[in-house]
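Asks: Shown below is the structure under consideration.
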Amino acid sequence: MSGRAPVIAARDLEVTYPGHPPVHAVRGVSFELFRGEVVGLVGESGCGKSTIAKVLTGLVRPAAGEVEYHGRPVRPLGVGRRPLAQTGIQMVFQDPGSSLNPRRPVGAQIQDGLDLAAKRARRSGRRSGAGPVGEPPADPANVRRVIGQPADAAVSPTAARLLPAGSPGRWLERVGLEAADQSRYPRSFSGGQRQRIATARALAAEPDVLIGDEPISALDASTQAKVAYLMSRLALSQGAVLLFISHDLSVVRLIADRLLVMWAGRIVESGPTEAVWSNPGHPYTKVLLGAIPAPDGAGRLPLVPPSAAAFDAPPVIHAP
Amino acid sequence: MTAPALRIESLSLGIRGEDGLTPILDQVSLDVGRGEVQGLAGESGSGKTITGLTVIGLEPAKSEVTGHIWMDGDDLLKITGSALNAVRGSRVGMVFQDPGTSLHPQLKVGAQLTDHVRYHLKVGKGEALDRAAAALDRVGVGGGRDTLSRYPHEFSGGQRQRIAIAIALACDPAVLIADEPTTALDVTVQAGVLALIRSLVDSLGLAVLFITHDLGVMSAVADRVAIMRHGRIVENGDRRQVFTAPAHAYTRELLASLPGAAGGLRSREDLARIDPFGAGEGSGEGQGERSAP
Ligand SMILES: Nc1ncnc2c1ncn2[C@@H]1O[C@H](COP(=O)(O)OP(=O)(O)OP(=O)(O)O)[C@@H](O)[C@H]1O
Ligand SMILES: Nc1ncnc2c1ncn2[C@@H]1O[C@H](COP(=O)(O)OP(=O)(O)O)[C@@H](O)[C@H]1O
Ligand SMILES: [Mg+2]
Ligand SMILES: [Mg+2]
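Residue numbers (the numbering used here), protein chains in the order written: chain Y, 1 to 320; chain P, 321 to 613.
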């Protein structure tokens, strides 16, 4: 991983929300995300995951530290519009209602994403569809690693290749829906289908950073792994980094190359997924893993954690 | 064998609407024995919550119900009006996913507990207070009288759920219906609430109908597991059997898409064999989506 430049990096982020008393939500967080990887950011409610996502997208201004996107600082959104280059960072939220406009047909919303990509491409004198800003097209090696098959062929078994790649109908097919669905409104789709549409809309903008903030938490258990898998597959086939935020480790573990475990505003453990999963070093990570009930029929109650004071320990970093 | 604490027998329910009767529950039968946790699992919209609500007579308006709900020889479906109020709380307690549904935000915890106890048990203030403090003790929310004078928002989510359980059990009902009682909680907090419910079952001989969509949680607390689909119980059996040798194709399908289940997703390689477009999940509008009750 070293020697390569990160696509996006958080450097010593501190975030404080005003209030009585103020909430110190993020307390010195740094990490780098590299092209072609899926990184899981996990931790329990209130630990600061969404705040990090909002700082990465410029929605929240850090009190200290900064976010670097292709080596340039991400400008927090003031009153002005989002700088065009920063639309290469896209997000999918927990509630599909926040990612999709309920009053517009889904095809038009995917078209918005396509328009953004085209606009950014014109600005940089490049054809859209050629891959994210300033990057070569997707690296098939990365794709294979996660999905075991070449990208596009695996994505939609029924894909009508007659549709242009950059059309809403084609995007719907890539997420397993039909081109004809583009005139339907979000409410006429199930939760899982809406999250797939939100993923299509985000990816149509050809991001090289896709952030999913609890994108599967509102879905039925049997749908969660499917949507997570689809997101990671599509993001990688586009050459984007996927930062997958979740409070539920059991699915994340299956798609992430690396994990960042957060507790009380800090990253307390990080490293390759299997290393963290099979050999957790920080007391909080141990408790978090021990509390996940396994659907194995054994009738084992999850371990009840000790008091939070026990989690005050230095961060654990596993070698890559 | 003694009769189960709660027997749901051939329960069917439809909701009368403008275009006729929408079937919701179809011939649901379940026994919940003393000292036993009967789990009820299934995807969103399958009818789990409606099943629980019907037991305590809180089914949706315009419901048409047939079947029997037996407790101690009484058919609860035949009980109406104020007699039904007496059943709720004193014979069957219920807790919901969102403790906000069971707790009144503007009333002190103590008042909620004592009101409940005095309504059902017709005891004096002093005895109600004693019972309230004991009920809180039992669920591990300490602090005694001090706790009684605090409001629900002054407690954490896990403590609020414990308090909701304390209220549900304050009048010593034989049966507790727990509808997704830990779904809104963090896993570490969930662990404590699951341990509490299990210990109440084991120590008091409580009969619990435990509703959840989370098969991991089900595997941890339930003795018997029923799987519901489209208002029907497709499989009901011993926990270990349902998880390790599921009899119904639908149960196998559910387990196959779960991380950590037998035949489920155990590694990244396993992902390659699932259909990411979720065959089945799009099979009905609104299926596959979780929603608050
Ligand atoms: N008050 C109501 N009026 C009409 N229909 C209702 C009402 N409540 C629920 N339903 C319908 O009854 C069916 C079963 O709903 P129920 O709430 O029991 O599902 P559930 O299994 O508890 O789902 P979840 O996992 O989302 O809580 C659904 O089709 C639902 O839309
Ligand atoms: N807009 C806000 N104003 C004040 N406090 C906030 C705001 N958003 C989040 N917080 C607080 O910041 C902390 C981190 O929140 P968040 O990033 O949403 O956590 P997570 O996504 O991990 O659940 C919490 O204590 C939360 O209550
Ligand atoms: Mg969040
Ligand atoms: Mg429900």
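Note that the Cβ used here is the ideal one computed from N, Cα and C, for glycine as well.
(1) Please return the same chain residues whose Cβ sits closer than 8 Å to the Cβ of Ile594 of chain P, not counting the five positions on each side in sequence.
(2) Residues of chain P with a CB under 8 Å from the CB of Glu206 of chain Y: which are they?
(3) So, for Glu269 of chain Y: in the same chain, excluding its five sequence neighbours on each side, which residues have a beta-carbon less than 7 Å away from its beta-carbon?
(4) Are the CB atoms of Val38 of chain Y and Phe244 of chain Y nearer to each other than 8 Å?
(5) For my contact list, Leu323 of chain Y and Gln193 of chain Y are in at a C-beta cut-off of 8 Å; report their separation, rounded to the angstrom.
(6) On the DSSP bridge list, what partners appear for Asn556 of chain P?
(7) Taking Ile211 of chain Y as part of the beta strand (DSSP E), name the residues at either end of that continuous run.
(8) Which of helix, strand or coil does DSSP assign to Ser332 of chain P?
(9) Give, in chain order, every residue of the region 379-394 of chain P whose Cβ lies closer than 8 Å to some Cβ of chain Y.
(10) When burial is assigned at 16 or more other CB atoms within 10 Å of the CB, is Glu338 of chain P buried or exposed?
(11) For Gly477 of chain P, does the three-state DSSP call read helix, strand or coil?
(12) So, helix, strand or coil for Gly472 of chain P, using DSSP?
(13) Counting Cβ pairs, one atom from each stretch, are 3 or more of them under 8 Å apart for the region 41-49 of chain Y and the region 237-257 of chain Y?
(14) Taking the continuous beta strand (DSSP E) assigned at His24 of chain Y, which residues delimit it?
(15) Would you kindly work out how many angstroms separate the C-alpha atoms of Ala527 of chain P and Val252 of chain Y, rounded to a whole number?
(16) So, Leu396 of chain P versus Val385 of chain P, is the Cβ gap smaller than 8 Å?
(17) Checking 8 Å against the spacing of the C-beta atoms, do Arg624 of chain P and Val537 of chain P come in under that value?
(18) Closer than 8 Å is the cut-off here; do at least three beta carbon pairs connect the region 62-81 of chain Y with the region 222-242 of chain Y?
(19) Measuring only between beta-carbons, confirm whether Pro314 of chain Y sits less than 8 Å from chain P.
(20) Which residues of the region 233-253 of chain Y have a Cβ closer than 8 Å to any Cβ of chain P? Give them in chain order.
(21) Determine, using beta carbons only, whether Ser422 of chain P and Val415 of chain P come nearer to each other than 8 Å.
(22) Where DSSP assigns a beta bridge to Met391 of chain P, which residues make up the other side?
(23) May I ask you to list the residues that DSSP assigns as paired with Asp351 of chain P?
(24) Using a threshold of 8 Å, state whether the C-beta atoms of Ile292 of chain Y and Val507 of chain P are closer than that.
(25) Compute every distance between the C-beta of Lys398 of chain P and the non-hydrogen atoms of ligand 2, then say whether any falls below 7 Å.
(26) Near Asp181 of chain Y, what residues of its chain come up, given a Cβ to Cβ distance below 6 Å and the 5 sequence neighbours on each side ignored?
(27) Do you know offhand how far Gly334 of chain P's Cα is from Lys428 of chain P's?
(28) Within 10 angstroms of the Cβ of Ala309 of chain Y, are there 16 or more other Cβ atoms? Answer buried if so, exposed if not.
(29) Return the chain-ordered list of same chain residues with a C-beta closer than 6 Å to the C-beta of Val357 of chain P, the five sequence neighbours on each side being excluded.
(30) Output, in chain order, the set of chain Y residues within a Cβ distance shorter than 8 Å of Arg518 of chain P.
(31) Please check if any C-beta of chain Y sits within less than 8 Å of the C-beta of Ala511 of chain P.
(32) In chain order, what residues place their C-beta within less than 5 Å of a heavy atom belonging to ligand 2?
(33) Cα separation between Pro215 of chain Y and Cys47 of chain Y?
(34) Look up Arg72 of chain Y in the DSSP assignment and give the residues it is bridged to.
(35) Do Leu404 of chain P and Ile370 of chain P count as a contact pair if the criterion is CB distance below 8 Å?
Replies: Looking at the atomic coordinates:
(1) Taking the second sequence and counting its residues from 1, one reaches residue 594 of chain P at position 274. Ala576, Ser577 and Leu585.
(2) On the first sequence, position 206 is the one that residue 206 of chain Y refers to. Simply none; closest approach about 21 Å.
(3) Numbered from its first residue, the first sequence carries residue 269 of chain Y at position 269. These residues qualify, in order along the chain: Val261, Val276, Pro280, Gly281, His282, Thr285, Pro315 and Val316.
(4) Here residue 38 of chain Y refers to the residue found at position 38 of the first sequence. Here residue 244 of chain Y refers to the residue found at position 244 of the first sequence. Contact check for Val38 of chain Y against Phe244 of chain Y passes: the beta carbons are separated by less than 8 Å.
(5) No answer is possible for residue 323 of chain Y: the residues shown for chain Y start at 1 and end at 320.
(6) Taking the first residue of the second sequence as position 1, residue 556 of chain P is located at position 236. According to DSSP, which records beta bridges pairwise, Asn556 of chain P is partnered with P:Ala546.
(7) Residue numbering aside, residue 211 of chain Y sits at position 211 when the first sequence is read from its first letter. From DSSP, the beta strand (DSSP E) with Ile211 of chain Y extends over Val209 to Asp213.
(8) Looking up residue 332 of chain P in the second sequence gives position 12. It is a strand residue.
(9) Residues passing the 8 Å Cβ filter: none.
(10) Position 18 of the second sequence, counted from the start, is the residue given in the question as residue 338 of chain P. By the neighbour-count rule (16 or more Cβ atoms within 10 Å), Glu338 of chain P is not buried but exposed.
(11) Position 157 of the second sequence holds residue 477 of chain P. Here Gly477 of chain P sits in helix by DSSP.
(12) Reading the second sequence from its first residue, position 152 is the one you call residue 472 of chain P. Checking the displayed sequence, the identity of residue 472 of chain P turns out to be Pro instead of Gly. Helix at Pro472 of chain P.
(13) As far as the Cβ criterion goes, the region 41-49 of chain Y touches the region 237-257 of chain Y, which means the pair count is three or higher.
(14) The residue you call residue 24 of chain Y lines up with position 24 of the first sequence. Start and end: Val23 to Leu33.
(15) One-based indexing of the second sequence puts residue 527 of chain P at position 207. One-based indexing of the first sequence puts residue 252 of chain Y at position 252. Rounded to the nearest angstrom, the two C-alpha atoms are 35 Å apart.
(16) Sequence index remark: in the second sequence, residue 396 of chain P carries index 76 (1-based). Sequence index remark: in the second sequence, residue 385 of chain P carries index 65 (1-based). Going by C-beta atoms, Leu396 of chain P is not nearer than 8 Å to Val385 of chain P.
(17) Not covered by the structure: residue 624 of chain P. The range shown for chain P is 321 to 613.
(18) Taking a cut-off of 8 Å for Cβ pairs, the region 62-81 of chain Y and the region 222-242 of chain Y do not touch, as fewer than three such pairs fall below it.
(19) As a first step, residue 314 of chain Y is located in the first sequence; it is residue number 314 there, counting from the start. Taking Cβ atoms only, chain P never reaches closer than 8 Å to Pro314 of chain Y, which makes this a no.
(20) Arg233, His247, Asp248, Ser250, Val251 and Arg253
(21) The sequence position of residue 422 of chain P within the second sequence is 102, counting from 1. The sequence position of residue 415 of chain P within the second sequence is 95, counting from 1. The answer is yes: Cβ separation under 8 Å.
(22) Working through the second sequence from its first residue, we reach residue 391 of chain P at position 71. Looking at the DSSP output, Met391 of chain P shares a beta bridge with P:Asp394.
(23) Numbered from 1 along the second sequence, position 31 holds the residue referred to as residue 351 of chain P. Paired residue(s): P:Arg327.
(24) Along the first sequence, read from residue 1 onward, the residue named residue 292 of chain Y stands at position 292. Along the second sequence, read from residue 1 onward, the residue named residue 507 of chain P stands at position 187. Cβ distance < 8 Å, so Ile292 of chain Y and Val507 of chain P count as in contact.
(25) Translated into the one-based positions of the second sequence, residue 398 of chain P becomes position 78. Because no heavy atom of ligand 2 lies under 7 Å away, the Cβ of Lys398 of chain P does not count as near it: no.
(26) The residue you call residue 181 of chain Y lines up with position 181 of the first sequence. Excluding positions up to five away in sequence, the list reads Leu172.
(27) Translated into positions along the second sequence, residue 334 of chain P becomes position 14. Translated into positions along the second sequence, residue 428 of chain P becomes position 108. Roughly 38 Å between the two C-alpha positions.
(28) For this step, residue 309 of chain Y is matched to residue 309 along the first sequence. By the neighbour-count rule (16 or more Cβ atoms within 10 Å), Ala309 of chain Y is not buried but exposed.
(29) Here residue 357 of chain P refers to the residue found at position 37 of the second sequence. Here the set comprises Val521, Val528, Phe530, Val541, Ala542 and Asp543.
(30) Your numbering for residue 518 of chain P matches position 198 in the second sequence. Those within 8 Å of Arg518 of chain P in chain Y are Leu301.
(31) As a first step, residue 511 of chain P is located in the second sequence; it is residue number 191 there, counting from the start. In terms of beta-carbon proximity, Ala511 of chain P lines the interface with chain Y, with at least one pair separated by less than 8 Å.
(32) Y:Tyr17, Y:Val23, Y:Ala25, Y:Ser45, Y:Gly46, Y:Cys47, Y:Gly48, Y:Lys49, Y:Ser50 and Y:Thr51
(33) Here residue 215 of chain Y corresponds to residue number 215 of the first sequence, with the count starting at 1. Here residue 47 of chain Y corresponds to residue number 47 of the first sequence, with the count starting at 1. If you take the alpha carbons of Pro215 of chain Y and Cys47 of chain Y, they lie about 17 Å apart.
(34) Against the first sequence, residue 72 of chain Y aligns to sequence position 72. Note: Arg72 of chain Y sits in a beta bridge opposite Y:Tyr69.
(35) By one-based count along the second sequence, residue 370 of chain P stands at place 50. By one-based count along the second sequence, residue 404 of chain P stands at place 84. It is not a contact, given that the beta carbons lie outside the stated cut-off.
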